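Single-structure report; data block below.
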Amino acid sequence: MNNNFWNEALRKGVVLGGLLGLSAVIENMIQLSGNASLYMLLVVEFIAVAVLHYYLLHRAARQRGALCTAEEGYPFSHAYGYVMAISAVAGAIVGMVQAVVLHLVVGYDRYIERTIATVTDQINSSGGLPASMEGMFAQMLGQLQAAEAPSFLATWWGGLWQGLLFGVLFGLIIAGMASRSPRPFESHDNE
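Here the sequence shown stands for residues 185 to 375, where the numbers follow the working numbering.
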């Protein structure tokens, strides 16, 4: 059963992490563009990537389960562990991509500046805020601007935990569907 567990998990995790990392870059660029007409594309992209994420994890768990004999079965814990291993690798890659984009490519200060500009433009284009909320909104923007930038490591950890969270959620469903009980008396011989 242990046919290169970590090699397979790493390989499939790198593919999934590359896909999710690319998705994170696209989502950040759309958000920072400030172009409201692209926001529907952002929703479609998010849904498509979530479906593809689930499909790739489900396919990997099924392929891993196919390596198990009927006598061994494919326990829930093995399927869940495999999904979590893939998700951990993918999360580490996504975290690294997010950290590089946020800290080295875009820069945290510019990221906050563009985020505030985008939110302010959206509010102004929709008619502004009620007078009772303007003070609270200004205070919120001030806190956002005054907040200290997260470290490179904190950003990486955030991506890793994000990957693990999706692994936990998707893993419960996938492992439940992919697992099977051992059938020690099942015979494949036609005697």
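Glycine residues also receive a C-beta, built at the ideal position from the N, C-alpha and C atoms.
Computed from a prediction, not measured in an experiment: that's the story for all the values here.
Where do the ends of the alpha helix (DSSP H) carrying residue i lie?
i: Val199; result: Phe189 to Ser217
i: Thr339; result: Phe336 to Ala362
i: Phe260; result: Phe260 to Ala283
i: Arg298; result: Tyr292 to Ser309
i: Phe230; result: Tyr223 to Ala250
i: Glu318; result: Ala315 to Ala330
Give a yes or no on whether the C-beta atoms belonging to residue i and residue j are separated by under 8 Å.
i: Tyr266; j: Ala193; result: yes
i: Ser350; j: Ala283; result: Before going further, note that residue 350 is Phe rather than Ser in the sequence given. Going by C-beta atoms, Phe350 is not nearer than 8 Å to Ala283.
i: Arg246; j: Ala362; result: yes
i: Ala244; j: Lys196; result: yes
i: Gly201; j: Ala301; result: no
i: Ala333; j: Tyr292; result: yes
In angstroms, rounded to a whole number, what distance separates the CA positions of residue i and residue j?
i: Glu256; j: Trp340; result: 38 Å
i: Asn374; j: Ala250; result: Legend: pLDDT at Asn374 = 45, less than 50; position of this residue unreliable, no value from coordinates given.
i: Leu348; j: Leu241; result: 13 Å
i: Met185; j: Cys252; result: Because Met185 carries a pLDDT of 47, less than 50, the predicted location of this residue cannot be relied on, and no value is offered for it.
i: Leu226; j: Phe369; result: 52 Å
i: Val139; j: Glu318; result: Beyond the ends of the chain as shown, which are 185 and 375, falls residue 139; an answer cannot be given.
So, is the C-beta of residue i closer than 8 Å to a C-beta in chain B?
i: Gly202; result: Among the chains in the structure shown there is no chain B, since it carries only a single protein chain.
In terms of alpha-carbon separation, which member of the options lies closest to residue i?
i: Arg367; options: Lys196, Ala245, Tyr258 and Gln323; result: Tyr258
i: Ala232; options: Gln215, Ser217, Ser221 and Leu203; result: Leu203
i: Ala269; options: Ala220, Phe354, Leu313 and Leu286; result: Phe354
i: Gln346; options: Val235, Arg364, Ala276 and Ile210; result: Ala276
Throw me the rounded Cβ distance for the residue i and residue j pair, which I believe falls under 8 Å.
i: Val281; j: Gly342; result: That belief does not hold up - the Cβ atoms of Val281 and Gly342 are roughly 12 Å apart, past 8 Å.
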